[in-house]
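Worksheet: the structure to be examined is printed underneath.
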Amino acid sequence: MIFDKIEHADRYFGISENLDKAFRFMMNTDLSALEDGKHVIDGENVFVNVMQAVTKADKNEYEFHEQYYDIQIDLTGAEDVWFSTNYQEITKPYQPDIGMGICVCEAVCHLAPGRFVVCEPTEPHLPGVAAGGKEEQIRKAVIKVHK
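To convert, note that position 37 of the sequence shown is 36 in numbering that gives the first Met the number 0; the numbers rise steadily by one, no gaps.
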């Protein structure tokens with residue numbers, strides 16, 4: 000996990016070529032001006048999904064990806080993203096790009112516009128948690144980065 004402000008994304012250059020592409024895109028693009036949907040940055044190596052979502056107070060199934068980093072960015076509103084280091088139970092085995100399971104929350108990142116969090120491949124994470132227990136409509140971008 001990496002948690003920071005978008006303006007500091009260049010601090011993380013060098014982890015991987017594809018992450019560098021994503022960080023440059025984040026820093027040089029007005030993400031809030033993008034229409035909802037998928038936007039290709041570098042084929043299936045780096046792309047962004049812009050979407051509307053409603054945060055939930057009662058979420059409990061963490062997700063994981065094996066081939067992609069997720070970079071979560073809130074464009075409007077706020078959400079918490081919960082992290083864990085391992086699963087108590089896998090509820091949905093890994094299918095093309097996602098698996099799900101039950102975890103105990105070990106870390107929380109509070110997202111709001113201008114902040115991002117990088118969820119690493121295989122790292123259990125739970126986006127879309129209502130910040131402070133208050134459910135709200137948000138608009139967000141998720142940059143998918145092939146490892």
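For every residue, glycine included, the Cβ atom is placed at its ideal position computed from N, Cα and C. Keep in mind that this is a model prediction, so the values were computed, not measured.
Strictly by DSSP, which residues pair up with residue i?
i: asparagine 48; result: Lys37, Val141
i: glycine 98; result: Phe63
i: arginine 114; result: Lys4
i: glutamine 71; result: Val116, Val141
i: threonine 136; result: The identity of residue 136 in the sequence shown is glutamine, whereas the question assumes threonine. Beta-bridge pairing links glutamine 136 to Val53.
Between residue i and residue j, which are expected to be in contact by the criterion C-beta below 8 Å, what is the C-beta distance as a whole number of angstroms?
i: serine 180; j: valine 107; result: Absent from the structure is residue 180, since the part of the chain shown begins at 0 and ends at 146.
i: aspartate 73; j: methionine 50; result: Rounded, the Cβ-Cβ distance is 11 Å, inconsistent with contact.
i: leucine 110; j: alanine 77; result: 6 Å
i: lysine 143; j: aspartate 69; result: 7 Å
Would you say the beta carbon of residue i comes nearer than 7 Å to a heavy atom of the ligand FAD?
i: valine 80; result: As presented, the structure is devoid of all ligands, the ligand FAD included, so that no description of it is given.
Should residue i and residue j be called a contact, given that it needs their Cβ atoms to be closer than 8 Å?
i: lysine 147; j: glycine 131; result: Residue 147 lies beyond the residue range present for the chain, which begins at 0 and ends at 146; the question has no answer from this structure.
i: glutamate 122; j: isoleucine 101; result: no
i: methionine 25; j: alanine 8; result: yes
i: glutamine 136; j: aspartate 96; result: no
Using 8 Å as the threshold, is the segment 45-58 in touch with the segment 12-25, meaning 3 or more CB pairs across them?
Yes: at least three Cβ pairs fall under 8 Å.
Count the C-beta pairs between the segment 54-64 and the segment 99-119 that are closer than 8 Å, then say yes if the count reaches three, no if not.
yes
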